[in-house]
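Visitor: Structure provided below as structure tokens; questions to follow.
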Amino acid sequence: MGVTIHYNGTMDRARLAEMLDAARLYCAENRWLYHDVDDRILGHVERIVETRETEIEVNGIQGTDVESITKTFPIDDSLRGLIINVHPKCEPVWLTFNEAGELAYYMPLNDLGEYWEMKSLFTKTQFAGTRTHIAVCNFLHYLQDNYFPGLNVYDEANYFESGDASRAAQQIGFLDSIMDRLQSALEDETIEDEAADMIRGALDSAESNTENAEPKPGRKKIKVERGKAIAHRDPQWKRGHGKSAGKN
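In numbering that gives the first Met the number 0, the protein residues as written are 0 to 247.
This is the structure:
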């Protein structure tokens with residue numbers, strides 16, 4: 000949960016090196032950390048082949064239930080680009096491309112050469128504040144305007160589309176207040192909160208399925224950790240074999 004920027008697209012591979020050089024310079028000028036990616040993706044990949052949407056109603060509220068159908072395919076591809084760390088409390092910006100020129104990331108599922116394919120990438124900025132959110136949007140605009148016209152961006156705070164900084168700050172502040180309230184309710188079992196109780200129920204159900212035991216009655220304290228960074232893992236086959244292992 001939290002304000003997130005979503006992005007996808009396909010670019011001309013002939014301009015990829017030029018764009019990456021410009022992105023490195025942009026990072027240097029803004030003192031952003033980054034690391035280069037030049038990986039061979041070899042093994043099997045799970046990807047979404049079909050998505051089904053069904054209109055549903057829950058407690059009088061209309062919504063959409065999305066069912067994704069996945070299949071596994073062999074893969075021998077490359078992943079080239081940058082992973083950019085704009086702020087310690089912001090998720091990375093994934094500027095990584097496969098051989099077809101598509102924005103993509105192949106998340107290792109294990110150490111057996113099995114991956115999950117993502118072609119709709121995202122960066123959560125919620126915990127880094129409005130200035131960082133605006134900085135990421137401005138960077139994506141720079142790439143779109145100068146190198147990557149096929150870049151599609153959806154900004155949950157609507158700054159990328161509107162340029163309205165006050166609206167972005169309001170959205171981020173609103174979600175901060177919701178998460179503060181939810182965290183308080185999870186960490187204090189005396190507070191009545193429907194959303195917190197739903198989360199407790201889901202956790203109890205998961206524990207029951209794992210331990211073959213009945214869910215424990217009553218509320219319990221749940222420690223909440225917000226804004227924790229997710230570490231990037233190299234594929235097991237690649238460790239110690241140089242950057243691209245001869246693929247690129």
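Glycine included, each C-beta is placed from N, C-alpha and C at the ideal position.
When you compare only the Cα positions, how much space is there between M117 and T63?
Guide: Answer to the nearest angstrom: the Cα atoms are 22 angstroms apart.
Visitor: What number of angstroms, rounded off, separates the C-alpha of M106 from the C-alpha of L120?
Guide: Each residue's Cα considered, the two are about 11 angstroms apart.
Visitor: Any idea what DSSP makes of F159, helix, strand or coil?
Guide: Residue state, collapsed to three classes: helix.
Visitor: Helix, strand or coil: how does DSSP classify L46 here?
Guide: Residue 46 is actually Arg in this sequence, not Leu. Three-state DSSP puts R46 in a strand.
Visitor: What are the residues that DSSP puts in a beta bridge with W248?
Guide: The structure shown has nothing for residue 248, since the chain only spans 0 to 247.
Visitor: Please tell me whether S67 and I47 are closer than 7 angstroms, where the distance is taken between their beta carbons.
Guide: In contact: S67 and I47 (Cβ atoms closer than 7 angstroms).
Visitor: Would you kindly work out how many angstroms separate the C-alpha atoms of P73 and A16, rounded to a whole number?
Guide: C-alpha separation (whole angstroms): 27 angstroms.
Visitor: I need the straight-line Cα distance from R225 to E98, nearest angstrom please.
Guide: Confidence in R225 is poor, its pLDDT being 46 and thus under 50, which makes the residue's placement unreliable; the coordinate value appears in the next sentence. Their Cα atoms are separated by approximately 35 angstroms.
Visitor: Out of T129, S165 and Y146, point me to the one whose CA is closest to I4's CA.
Guide: Closest option to I4, Cα to Cα, is T129.
Visitor: Any heavy atom of the ligand MG closer than 6 angstroms to the Cβ of N97?
Guide: In the structure on display, the ligand MG does not appear, and there are no ligands present to speak of.
Visitor: What's the C-alpha gap between R14 and V2?
Guide: The straight-line gap from Cα to Cα measures roughly 31 angstroms.
Visitor: Can you give me the C-alpha to C-alpha distance between N248 and Y6, rounded to a whole angstrom?
Guide: Residue 248 lies beyond the range of the chain shown here (0 to 247); nothing can be said about it.
Visitor: Can you tell which of T95, K70 and F138 has its C-alpha closest to the C-alpha of H43?
Guide: The candidate whose alpha carbon is nearest that of H43 is K70.
Visitor: So, with DSSP's three-state summary, where would you put L150?
Guide: Note: L150 maps to coil in three-state DSSP.
Visitor: Does the stretch 33-40 come into contact with the stretch 81-90, if we say contact requires no fewer than three beta-carbon pairs (one atom in each stretch) closer than 8 angstroms?
Guide: Touching, per the Cβ criterion.
Visitor: Identify the residues that DSSP records as bridge partners of L78: which are they?
Guide: Bridge partners of L78: D38.
Visitor: Looking only at its chain, what residues have a beta carbon closer than 8 angstroms to the beta carbon of R166, apart from the 5 residues adjacent to it on each side?
Guide: Cβ neighbours of R166 beyond the five flanking positions: A156, N157 and Y158.
Visitor: Out of I40, V65 and D37, which one is the CA nearest neighbour of E49?
Guide: Answer by Cα proximity: V65.
Visitor: For a test of the three-state rule: what should DSSP assign to V135, helix, strand or coil?
Guide: Note: V135 maps to helix in three-state DSSP.
Visitor: Closer than 8 angstroms by C-beta to Q170: which residues in its own chain qualify, once you throw out the five before and the five after it? Chain order, please.
Guide: Same-chain partners within the cutoff: V2, E155, A156 and N157.
Visitor: Just to confirm the assignment, what range does the alpha helix (DSSP H) spanning N7 have?
Guide: N7 -> not in any alpha helix (DSSP H); beta strand (DSSP E) instead, spanning T3 to N7.
Visitor: Going by other Cβ atoms of all chains shown within 10 Å of its Cβ, with 16 needed for buried, is D38 buried or exposed?
Guide: Label assigned to D38: buried.
Visitor: Where does P91 land, buried or exposed, given buried means 16+ other C-beta within 10 angstroms?
Guide: Under this definition P91 is a buried residue.
Visitor: Would you mind working out which of M18, I40, D11 and G8 sits nearest E113, comparing C-alpha positions?
Guide: The residue with the shortest Cα to Cα distance from E113 is I40.
Visitor: Judging by CA-CA distance, which residue of A168, N29, Q143 and A27 is the nearest neighbour of G8?
Guide: Nearest C-alpha to G8: Q143.
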